[in-house]
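Position 82, counted from 1, in the sequence shown is what the numbering used here calls 334; the numbers after and before it change by one each time, with no gaps. Positions of the beta carbon are idealized from the N, C-alpha and C atoms, including for glycine.
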Amino acid sequence: MRPFKAWAVRFLRRLQARGRFALARFEGPNGSRAAPKAAPGNALVSVETDGKETGGLPPQDGQPMELVYRIAHELKAPLTAIIYSSELLGILERLDASPDAHKEALIRNIGSNASRVNRRISELLDFLRVRQGDLELQTRPLAIGPVVTEVASHLGGLFDSKGQSLELDLPDSLPPVQADRDRLQRILSNLLENANELSPDNSSITVTARQVGQTIVVEVKDSAPAITEDDTRRLFDLCYTGEGANGRQPLPELGPSLAILKQLVELHHGEIWVESEIGKGNTFAFSLPVLP
253 MRPFKAWAVR FLRRLQARGR FALARFEGPN GSRAAPKAAP GNALVSVETD GKETGGLPPQ
313 DGQPMELVYR IAHELKAPLT AIIYSSELLG ILERLDASPD AHKEALIRNI GSNASRVNRR
373 ISELLDFLRV RQGDLELQTR PLAIGPVVTE VASHLGGLFD SKGQSLELDL PDSLPPVQAD
433 RDRLQRILSN LLENANELSP DNSSITVTAR QVGQTIVVEV KDSAPAITED DTRRLFDLCY
493 TGEGANGRQP LPELGPSLAI LKQLVELHHG EIWVESEIGK GNTFAFSLPV LP
């Protein structure tokens, strides 16, 4: 690998500066953090106009701004990784003394954490739009198999990095669904990324799609430790992490993500759920109605 060009170093320095600014906004002068207070009057409605669906879901008291705070707080870790990686890259560029493999690892670290930040920001924006009742779904007839294949291909490197195998079982004969392609991709990406994160190295993840009555059911089966019965009941609640229950560790970052996915699936008139069995992993599934 050649030394980084001057424009690349300038870009990394700008990224570093923006990351520091973002971190500063989430902390007080002494590094303290205070969750913003929820504003009153968050009632929402759901309507259909001109073929575009907009929707809002009933608020859960005391949770909206807590969720915003939690997601903002979660952005700190990947932003910190991006900042430190960019700082180190700047030092290595000046010294030009690092093996290519080290630079490549730092670049991968920046890329993966930047993608993580982008996902969190997109989730936060969708959450706020849903709560305000102004999220528009640009729906059209879609064959779900090609969308799953595209998302799986895009995330292939993520599974390769942990030696995981990703298997797809997608019949060609499935009828189409009416869906917003971008949001459907986000739902699938989030479930696959969660499966990747929770499952151990050298394990397998399977994605299946099948018709059940007048719906298409998509299942993402991981190889992670089984989620407890209590967690499966509350997993899609806003801000729930299972923190502190019977000494368990919090479920990593799933609460806000799954709550937002639930909103997106329900705006498509579908359902989302999880099934878990000790020794056999977890299956996250969602259904969408087929076109009449």
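Worksheet entry | Backbone CA spacing between K532 and G522 [nearest angstrom] | 26 Å
Worksheet item: Expressed to the nearest angstrom, what Euclidean distance is found between the alpha-carbon atoms of L327 and V369?
Response: 6 Å
Worksheet item: Where does D489 sit, in a helix, a strand or coil, going by DSSP?
Response: coil
Fill in: Three-state secondary structure (DSSP) of L340
helix
Practice prompt. Use the C-beta contact count for L444: other C-beta atoms within 10 angstroms, 16 or more gives buried, fewer gives exposed.
Written response: buried
Discussion item. Between the alpha carbons of A196 and L340, how many angstroms are there, rounded?
Written reply: Outside the modelled stretch of the chain, which goes from 253 to 544, sits residue 196, for which no answer is possible.
Worksheet item: So who's on the other strand from S456, going by DSSP bridges?
Response: S417
Worksheet item: Who are the near neighbours of Q466 in its chain, counting only those whose CB is closer than 7 Å to its CB and skipping five residues on each side?
Response: P541 and V542
Discussion item. Residues in the same chain with beta-carbon distance under 8 Å from E527, minus the five sequence neighbours each way, listed in chain order, please.
Written reply: T484, N534, T535 and A537
Discussion item. What would DSSP say about N294, mapped onto helix, strand or coil?
Written reply: Bear in mind that the predicted position of N294 carries a pLDDT of just 33, short of 50, making it too unreliable to give a figure here.
Worksheet item: Do you know offhand how far A395's Cα is from A431's?
Response: 10 Å
Worksheet item: By how many angstroms is the C-alpha of I343 removed from the C-alpha of I524?
Response: 47 Å
Worksheet item: Since I468 is in the beta strand (DSSP E), which residue starts that stretch and which ends it?
Response: T467 to K473
Discussion item. If contacts are defined as beta-carbon pairs under 8 Å, then L510 and L389 qualify, I think. What distance do you get, rounded to the angstrom?
Written reply: About 19 Å separates the two Cβ atoms, so there is no contact after all.
Discussion item. Mapping the DSSP letters down to three states, classify T480 as helix, strand or coil.
Written reply: coil
Fill in: Own chain, CB closer than 8 Å to E529, minus 5 neighbours either side, in chain order
A478
Worksheet item: Taking the C-alpha atoms as reference points, what is the distance between P423 and V469?
Response: 12 Å
Practice prompt. Helix, strand or coil for I202, going by three-state DSSP, please let me know.
Written response: Here the chain has residues from 253 to 544 only, and residue 202 is not among them.
Discussion item. If you reduce the DSSP assignment to three classes, tell me which class G533 lands in.
Written reply: strand
Worksheet entry | C-alpha gap between N365 and Y336, whole angstroms | 12 Å
Worksheet item: Based on the DSSP output, what are the partners of A431 in its beta bridges?
Response: R392
Worksheet entry | For P541, three-class secondary structure by DSSP | strand
Item to complete: Compute the Euclidean distance between the alpha carbons of H406 and E449, then round it to the nearest angstrom.
Response: 16 Å
Item to complete: Report the residue from P427, F379, S374 and N442 whose alpha carbon sits nearest the alpha carbon of Q515.
Response: F379
Practice prompt. Between the Cα of R438 and those of A357, I512, A333 and I362, spot the shortest distance and give me the residue it belongs to.
Written response: I512
Worksheet item: Based on Cα-Cα distance, which residue from T401, R433 and P428 lies nearest to L418?
Response: T401
Practice prompt. Please state if the CB of S475 and the CB of S441 are separated by a distance shorter than 8 Å.
Written response: no
Worksheet entry | L387, buried or exposed, once every other Cβ within 10 Å from all chains shown has been counted against 16 | buried
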